[in-house]
Structure formats: C-alpha cells, structure tokens
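Comments concern the structure below.
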Amino acid sequence: MNIVMAASECAPFFKTGGLADVIASLPKALSNKKHNLTVILPKYRAMPSEIQSQLQFESSFDVWVKWRKQYCGLFSYKQEGVTYYFIDNEYYFNRAHLYGEPDDAERFTFFTHAFFETLNKLNLVPDIIHCHDWQTGLIPLYIKAGVYQHPIKTVFTIHNLKYQGVFPLSIFEELLHLDLVHMGGLELNGTINFMKGALVHADWVTTVSPSYAKEILDPYYGEGLEKYLAERISSITGIVNGIDEEIYNPQSDLNVSVPYSKNYAGKKENKRIMQQELDLIISNDIPMFVLISRLVEEKGLPLLTHILDELLSTETVQVVIMGTGEARFEEAFHSISNRFPNSCRFINVFHEGLAHRLYAASDFFLMPSRFEPCGLGQLIALRYESIPIVRETGGLKDTIKPYNEFNGEGNGFSFTNYNAYDFLNTIRYAIHLYYQPTHWNRLLKNVYKSKLNWEHSASSYLEVYNMLTMQVNEEEKHDNERRQSKSVTEREAHLIIR
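At the far end of the sequence shown sits residue 497, using numbering that gives the first Met the number 0, and the numbering has no gaps.
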C-alpha cells in the first residue's frame with residue numbers, strides 16, 4: 000500500500016512529546032512490512048542543522064488560505080525506508096515553539112492546504128491517509144467535502160483528546176475553504192474544533208491503547224467529545240503504542256554509562272555512578288525512584304507532592320524528578336528537594352541523554368497519571384529494566400500488569416483509585432518486594448520478557464488499512480454496477496422513444 004501520514008512533529012527532527020516518538024517509529028515499522036511510507040510535516044526552526052543540511056529541495060509553489068497567497072517550499076529526506084516531506088514557510092513555522100501561538104488556526108490550515116498541494120505536485124495518490132492529532136484534523140473533513148479529487152480513506156489517531164484545536168467561530172469564514180454546510184461538522188459550543196472535525200469525518204478513528212478507547216466514551220475522559228465518539232463506536236480501535244528498541248537499548252545506548260542487558264549488576268553500576276553525580280548516598284541497597292515527566296496535573300503530580308514528604312521521612316529511598324511545567328509543581332519539588340538534600344533531587348530541565356541515564360540508573364519508575372492515552376515512559380522504563388509503578392488507566396493499564404507474588408506473574412506495580420495513599424501504599428509494597436530476592440528476580444525476568452516493539456501494533460494498523468481499502472474496492476464495484484445499470488436503462492429509454 001501507499002500510506003501517507005500527516006503529523007505535526009516527528010523525532011529526531013523536532014519533538015514536544017510522545018507523538019514525535021510514534022511518528023518516528025510507526026512508519027518505519029510499516030515500511031519494514033514492505034509498504035510505501037510517506038510522512039508530511041511542517042518544517043520548524045527546531046530542526047537540527049545537521050539534518051537541515053541533508054534536505055533535498057523538491058519544488059516551491061503558492062498556497063492559498065482564503066485571500067492570503069503564501070509561499071510553500073517542499074523539501075524531502077529519506078531514512079530507513081520512509082520518505083519525509085517538509086512544508087516550508089518561515090512566516091508560519093520559523094517560531095520558537097511548535098504550538099501555542101495565537102495564529103495556530105491559520106498555521107495549521109495552511110499546513111492542511113499545503114498537504115493537498117504536495118500530493119498534487121508529487122502526483123501521489125495514497126491508498127490511506129493517516130492523520131495524527133488536532134493539527135491534521137481538517138484533512139478528513141476536506142476529503143469528505145470533495146476538496147481533494149480522489150476518494151481516499153482516512154484514519155485519524157487520537158494521541159491525547161485533551162488537546163483539540165479550539166478556535167473562534169470566525170475562523171470558518173476567515174480561513175477555511177469550505178461551504179457553510181460543513182460548519183456543523185466543526186462547530187462545538189460556539190467554537191471551531193479541529194478534533195471534532197476529524198472525529199466526525201474520518202473513515203476510522205484509533206486511539207493509542209484499547210483501554211483509552213473505552214475510557215473516552217465516558218464524560219470523565221471524553222473532554223466534551225464523548226457524544227461524537229459514542230456515535231461511531233463501531234469504527235474506533237485502540238492500538239497500543241510501541242517503542243523503537245534500537246533507539247532505546249541499554250546495551251548500545253551511548254548515553255548509558257555502563258552498557259547492560261538483562262544484567263542487574265550492570266544496572267547497579269549505573270545507579271552508583273548516578274548517585275555519585277547527583278551527590279546522593281552511594282549504596283546499591285537503597286532503591287532509587289525516578290519520575291521523568293511534563294510537570295502538569297494530568298500526570299498525577301498532585302498525588303506525588305502529597306505523599307513525597309511522608310515517603311522520604313519514613314522510608315530509606317532516593318527520589319529523582321526530572322521535568323519542566325507548571326510553576327506550582329516546580330516550586331513544590333524545589334522545596335522538597337531542599338528539605339531532603341540527602342535523598343531527593345529535582346532536575347528542572349528535560350535533557351534526552353540524561354533521561355536515558357536516569358532510566359538506566361533507577362530501580363523504579365513512577366507514573367501515577369490521572370489519565371494516560373498510552374504513555375511511553377513506562378515502556379522505556381521496562382526496556383531499561385526499571386520497574387514501573389503506575390495508576391491503572393489508559394495505556395498504563397494495558398501495558399503494566401501488577402506483580403502477583405502468589406503466581407509470580409506481572410511486570411510492575413499498579414493502583415486503581417486516583418488516591419495519594421493508594422499510591423503510597425503501592426510504593427511501600429514495591430519497596431518490600433525489592434528486599435525479597437526471590438520475588439525481585441522473578442519480577443525482573445518478567446520485565447525482560449515484556450513485548451515493547453511495534454511489531455504487533457503495526458500489524459493492527461495494517462488490519463485497519465486493509466479493511467478500509469477493501470471498502471474502497473467494494474464501493475468502486477458498486478459504483479461501476481450503478482453506472483452500467485444506468486447506461487442500460489438509458490439505452491432502453493432511447494429505444495422506447497424511437
């Protein structure tokens with residue numbers, strides 16, 4: 000199949016979150032299954048200079064956003080069987096941030112129009128167009144509206160329903176090349192909602208885990224869109240994410256101080272080096288807990304801030320927190336690390352290399368999210384043989400099975416209720432088993448066997464693609480039959496008239 004993906008970020012070109020990792024890995028996994036993969040992205044300022052120097056200029060053309068005639072440059076880059084095309088316009092994309100700009104509606108409307116112009120310029124007719132998150136939400140609507148001449152099937156993946164692309168109603172007339180009849184497919188509560196546009200018009204919707212696909216039908220998780228999701232419950236599939244096991248590999252990761260694989264002694268050495276670097280007590284016997292996250296409420300940080308003083312004052316542990324985000328959490332973690340200088344460190348930046356080293360050094364990885372569509376942190380932790388402690392929600396529930404000391408099954412620890420003391424009690428239970436060699440070794444063996452790559456997930460996406468392309472073939476067959484029937488009827492009518 001010819002599969003074209005539209006997305007707003009992709010590692011290693013530019014990244015704000017897990018979406019970039021998915022777009023880096025999923026196309027490669029599909030390409031490995033002998034399909035033709037094209038990914039179309041904006042060309043942001045954040046692209047590393049060493050990659051920019053390797054881009055191939057393809058062409059330039061004009062793109063209209065209502066009365067605005069804008070330049071569009073098209074660049075290509077090929078890597079591991081995937082062709083990437085970058086939409087270049089410095090006015091829209093030469094910004095300090097990928098998102099959060101006052102004119103995001105105009106920026107991603109331009110990207111949508113440039114996406115279709117790119118397909119035309121390249122004479123590229125996909126079998127499937129796969130769109131990711133609200134920034135690409137107009138594409139399925141434009142196809143259903145007949146803006147694009149080919150009746151192509153679309154898949155839309157929700158990576159996080161919380162972020163929807165909500166804009167004033169006025170942008171419909173100001174920016175969109177659509178008749179007013181299509182207003183209803185975009186309007187929600189007096190605003191234009193790009194995510195709704197995709198949910199209503201895509202041929203199939205996927206989420207990044209089976210549990211999240213069920214959760215978002217409920218108002219608590221549905222973020223105001225549960226009604227539209229429920230209406231198409233028969234065409235929603237949850238497919239859990241994977242990780243690229245070549246990138247995340249403690250045996251070959253150049254960031255890791257001491258390479259290791261299925262070797263707890265190697266992990267202990269990485270912990271010792273990290274303890275020394277962070278000026279913590281150097282001891283193999285003290286369990287190290289790590290949290291690497293955006294510091295926002297949805298990641299369950301109110302639970303952590305509520306229990307951290309009690310954990311650090313009653314248990315012999317070390318806690319390292321890395322991330323940036325809301326001021327209230329940054330201030331709380333600074334304060335706690337100052338009160339517990341021998342056992343807590345707060346690293347108020349995000350650094351990819353250091354994050355890898357923290358995964359390698361940690362015994363436990365904390366992820367108490369209020370909701371989590373899939374989560375990659377727990378998968379990376381498993382890959383680096385760090386035991387996840389998670390709340391049972393979304394993809395965390397689908398990927399982490401709580402350890403059962405009676406039958407020896409499970410690859411982590413989990414708690415159900417969004418409650419600080421349930422979280423604390425789970426941590427204490429994990430500490431208890433940390434000092435039980437029989438259970439700890441059994442738990443590590445289960446972690447070693449966890450399936451983390453894209454093999455199964457890529458096959459699940461292909462099942463969706465194949466089903467939709469079969470629908471296209473059936474629709475074309477029926478169209479031909481209708482045309483033939485109409486032609487016969489017209490000939491019969493002509494004979495009668497004669």
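Virtual Cβ for every residue (Gly too), placed ideally from N, Cα, C. These figures come from a predicted structure and were not determined experimentally.
| message | Whole angstroms are fine: how far does the CA of residue 336 sit from the CA of residue 257? | response | 27 Å
| query | What do you reckon, are the CB atoms on residue 85 and residue 42 nearer than 8 Å? | reply | yes
| said: What residue range does the alpha helix (DSSP H) around residue 333 cover? | reply: 326-338
| message | Within 10 Å of its beta-carbon, does residue 397 have 16 or more other beta-carbons around it, so buried, or fewer, so exposed? | response | buried
| query | Just checking my contact of residue 390 with residue 297 at CB under 8 Å: how many whole Å lie between their CB atoms? | reply | That pair is no contact at about 11 Å.
| message | Would residue 22 and residue 3 be called neighbours here (beta carbons separated by less than 8 Å)? | response | no
| task | Measure from the alpha carbon of residue 280 to the alpha carbon of each residue in 341, 305, 381 and 124, then state which is nearest. | result | With distances taken between Cα atoms, residue 280 lies closest to 341.
| Would you say residue 170 and residue 316 are within 8 Å of each other, going by their C-beta atoms? | no
| task | Only counting runs of 4 or more residues, tell me where the alpha helix (DSSP H) segments fall wholly within the region 255-326, in order along the chain. | result | You should have 263-276 and 300-313.
| task | For residue 63, count neighbouring Cβ atoms within 10 angstroms of its own Cβ and tell me buried if that reaches 16, exposed if not. | result | Of the other Cβ atoms in all chains shown, fewer than 16 fall within 10 Å of the Cβ of residue 63; this residue is therefore exposed.
| field | Of the listed residues 407, 395, 302 and 406, nearest to residue 421 (C-alpha basis) | value | Minimum Cα-Cα distance from residue 421 among the listed residues 407, 395, 302 and 406 corresponds to 302.
| request: Apply the 10 Å Cβ neighbour rule to residue 179 and answer buried if 16 or more other Cβ atoms are within range, or exposed otherwise. | output: Per the 10 Å Cβ criterion, exposed.
| What residues in its chain sit with their C-beta under 6 Å from that of residue 268, if we drop five residues either side in the sequence? | 257
| task | Classify residue 366 as helix, strand or coil using the three-state DSSP reduction. | result | strand
| query | Considering only C-alpha positions, which residue in the set 237, 213 and 99 is nearest to residue 226? | reply | Looking from the CA of residue 226, the closest CA among 237, 213 and 99 belongs to 213.
| field | Whole-angstrom distance between residue 344 and residue 292, CA atom to CA atom | value | Distance between the alpha carbons of residue 292 and residue 344 is about 14 Å.
| Enumerated in chain order, which unbroken segments of the beta strand (DSSP E) with a length of 3 residues or greater are wholly contained in the region 74-101? | 81-87
| When the Cα atoms are used, what is the spatial distance from residue 444 to residue 375? | Straight-line Cα distance between these residues: approximately 21 Å.
| query | Leaving out five residues before and five after residue 451 in sequence, what residues of the same chain have Cβ atoms less than 7 Å from its Cβ? | reply | 241, 242, 244, 378, 381 and 382
| Leaving out five residues before and five after residue 439 in sequence, what residues of the same chain have Cβ atoms less than 8 Å from its Cβ? | Its chain contains 432 and 433 as the residues whose beta carbon lies nearer than 8 Å to that of residue 439, once the 5 sequence neighbours on both sides are disregarded; these appear in chain order.
| query | To which residues does DSSP link residue 343 through a beta bridge? | reply | 318
| If you count every other CB in all the chains shown that lies within 10 Å of the CB of residue 253, and 16 or more means buried, which is it? | The residue in question, residue 253, is exposed, as its Cβ has fewer than 16 Cβ neighbours within 10 Å.
| message | Buried or exposed, going by whether 16 or more other CB atoms sit within 10 Å of the CB of residue 509? | response | A query on residue 509 cannot be resolved here, the shown segment of the chain reaching from 0 to 497 and no further.
| Whose C-beta lies closer than 7 Å to the C-beta of residue 311 among residues of the same chain, with five residues either side of it excluded? | 318, 339, 342 and 343
| Is residue 68 buried or exposed, if buried means 16 or more other CB atoms sit within 10 Å of its CB? | exposed
| Which residue's Cα is closest to the Cα of residue 131: 7, 403, 260 and 332? | 7
| How is the alpha helix (DSSP H) around residue 224 delimited, first residue to last? | Unbroken run through residue 224: none, as it is neither H nor E.
| said: How far does the beta strand (DSSP E) with residue 412 in it extend, from its first residue to its last? | reply: Membership of residue 412 in the beta strand (DSSP E) is indicated by the continuous run 412-414.
| query | Is residue 104 near residue 153, with beta carbons less than 8 Å apart? | reply | no
| message | Buried or exposed, going by whether 16 or more other CB atoms sit within 10 Å of the CB of residue 183? | response | exposed
| query | What's the gap between the Cα of residue 334 and the Cα of residue 402? | reply | Roughly 33 Å separates the two Cα atoms.
| What does a CB cutoff of less than 8 Å around residue 330 pick up in its chain, not counting 5 residues either side in sequence? | none
| Where residue 41 sits in the DSSP three-state scheme | strand
| What is the rounded straight-line gap between the Cα of residue 9 and the Cα of residue 48? | 15 Å
| query | If you count every other CB in all the chains shown that lies within 10 Å of the CB of residue 490, and 16 or more means buried, which is it? | reply | In this prediction, residue 490 has a pLDDT of 49, which is less than 50 and means its spatial position is unreliable; what the coordinates show is noted afterwards. Exposed is the call here.
| In whole angstroms, what is the alpha-carbon distance linking residue 70 and residue 52? | Between residue 70 and residue 52, the C-alpha separation is close to 21 Å.
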